[in-house]
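A.B. asks: This is the structure I have questions about; it appears just below.
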Amino acid sequence: MSIVSLGTLLRFNLYYWLAIFLLGLLSSVLLAVLSDKPFPLSYLAMMLASKLLAMLLTTILIWLTYQRMAQQSVNHWRLLLGVSLIAVLYIPLENACWIWFKGKEVVDFRQLIGSLDNSILSFFVWTACYLTLFLYQQQVHRLAQNAELSKKIQKLELQALSQ
Numbered sequence: 611m612s613i614v615s616l617g618t619l620l621r622f623n624l625y626y627w628l629a630i631f632l633l634g635l636l637s638s639v640l641l642a643v644l645s646d647k648p649f650p651l652s653y654l655a656m657m658l659a660s661k662l663l664a665m666l667l668t669t670i671l672i673w674l675t676y677q678r679m680a681q682q683s684v685n686h687w688r689l690l691l692g693v694s695l696i697a698v699l700y701i702p703l704e705n706a707c708w709i710w711f712k713g714k715e716v717v718d719f720r721q722l723i724g725s726l727d728n729s730i731l732s733f734f735v736w737t738a739c740y741l742t743l744f745l746y747q748q749q750v751h752r753l754a755q756n757a758e759l760s761k762k763i764q765k766l767e768l769q770a771l772s773q
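So the sequence shown is numbered by this note's numbering: it starts at 611 and just counts up by one.
Here it is in C-alpha cells:
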C-alpha cells in the first residue's frame with residue numbers, strides 16, 4: 611500500500627530541481643544586471659546541465675528507495691549516506707566543470723570543494739523533504755495495517771465468543 615506513487619515522487623523531484631535551477635538563474639541574472647555585465651547563454655546551458663545531472667542522480671535514488679520500500683527493506687541511514695556520497699562526489703565534479711567552463715585550471719583541491727558547504731545544502735534539503743514524505747507514508751501504512759489487524763482480532767474474538 612503506497613500513499614504516494616512513484617510518478618508523484620518523481621514529479622516532486624522534477625519540481626524541486628526546477629525551483630533550484632530557477633533560483634540560481636534569477637540570482638545570476640540579478641548579479642549580471644547589478645554588475646552591468648551581459649548574461650552569457652552558455653552559462654545558462656551549463657547551469658541547466660548541472661541541475662539535470664543532480665535531478666538524474668536523485669531520480670535514481672528515488673527509484674531505488676521506492677523499490678526497496680515495496681520490499682519493506684529501506685534503511686533511512688543508508689539513504690542519507692547515499693545522498694551524502696552523491697553530494698560529496700557530485701559537487702567537486704560540478705566545480706571542476708565550472709572551472710573548466712571559465713577557462714581556468716584546477717590549481718588546488720580546495721577549488722573543487724570550495725562551495726561544498728553551500729552546494730550540499732540543496733541535496734540535504736531534498737533529502738529532508740523526501741525522508742519526511744517517505745516516513746509519513748510508512749507511518750500511514752503501519753497505521754492502516756494495525757487497524758486491519760484490530761478488526762481481524764475483534765472478528766476472531768466475536769467468533770470465539772459465539773461458539
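From the three backbone atoms N, C-alpha and C, an ideal C-beta is built for every residue, glycine too. Being a predicted model, the structure only gives us computed values, none of them experimental.
1) Give the single residue among H751, L628 and V750 whose Cα lies nearest to the Cα of S660.
2) Of the choices Q764, Q681 and P702, whose alpha-carbon is the least far from that of Q748?
3) First and last residue of the alpha helix (DSSP H) that includes F622?
4) Taking A642 and F649 to be in contact with their CB atoms under 8 Å, please state how far apart those CB atoms are, rounded to whole angstroms.
5) Among M657, F711, F744 and L636, whose alpha-carbon lies nearest the alpha-carbon of T675?
6) When you compare only the Cα positions, how much space is there between K762 and R678?
7) Taking the C-alpha atoms as reference points, what is the distance between N623 and D718?
8) Report the three-state DSSP secondary structure of P702 (helix, strand or coil).
9) Would you decide whether W736 is buried or exposed? Buried here means 16 or more other CB atoms lie within 10 Å of its CB.
10) I'd like to know whether the C-beta atoms of L620 and I672 end up nearer to each other than 8 Å.
11) Kindly indicate which residue of L640, V639, S637 and Y700 has the alpha-carbon position closest to the one of L662.
12) Compare the Cα-Cα distances from Y625 to each of Y740, N756, A757 and G713 and report the closest residue.
C.D. replies: Quick look at the numbers:
1) Considering only H751, L628 and V750, the residue with the shortest C-alpha distance to S660 is L628.
2) When only C-alpha atoms are compared, the closest one is Q681.
3) F622 -> alpha helix (DSSP H) spans L616 to L644.
4) Yes, they are in contact, since the Cβ atoms of A642 and F649 sit about 4 Å apart, within 8 Å.
5) Of all alpha-carbon atoms in M657, F711, F744 and L636, the one lying nearest the alpha-carbon of T675 is that of F744.
6) Taking the straight line joining both Cα atoms gives about 28 Å.
7) Approximately 33 Å between the Cα atoms of the pair.
8) Assignment of P702 by DSSP, reduced to helix, strand and coil, places it in the helix class.
9) Sixteen is the threshold: when 16 or more other Cβ atoms of the shown chains lie within 10 Å of the Cβ of W736, as they do, the residue is buried.
10) In this structure, the beta-carbon distance from L620 to I672 falls below 8 Å.
11) Checking every option, the nearest Cα to that of L662 belongs to Y700.
12) When each option's Cα is compared against that of Y625, the closest is Y740.
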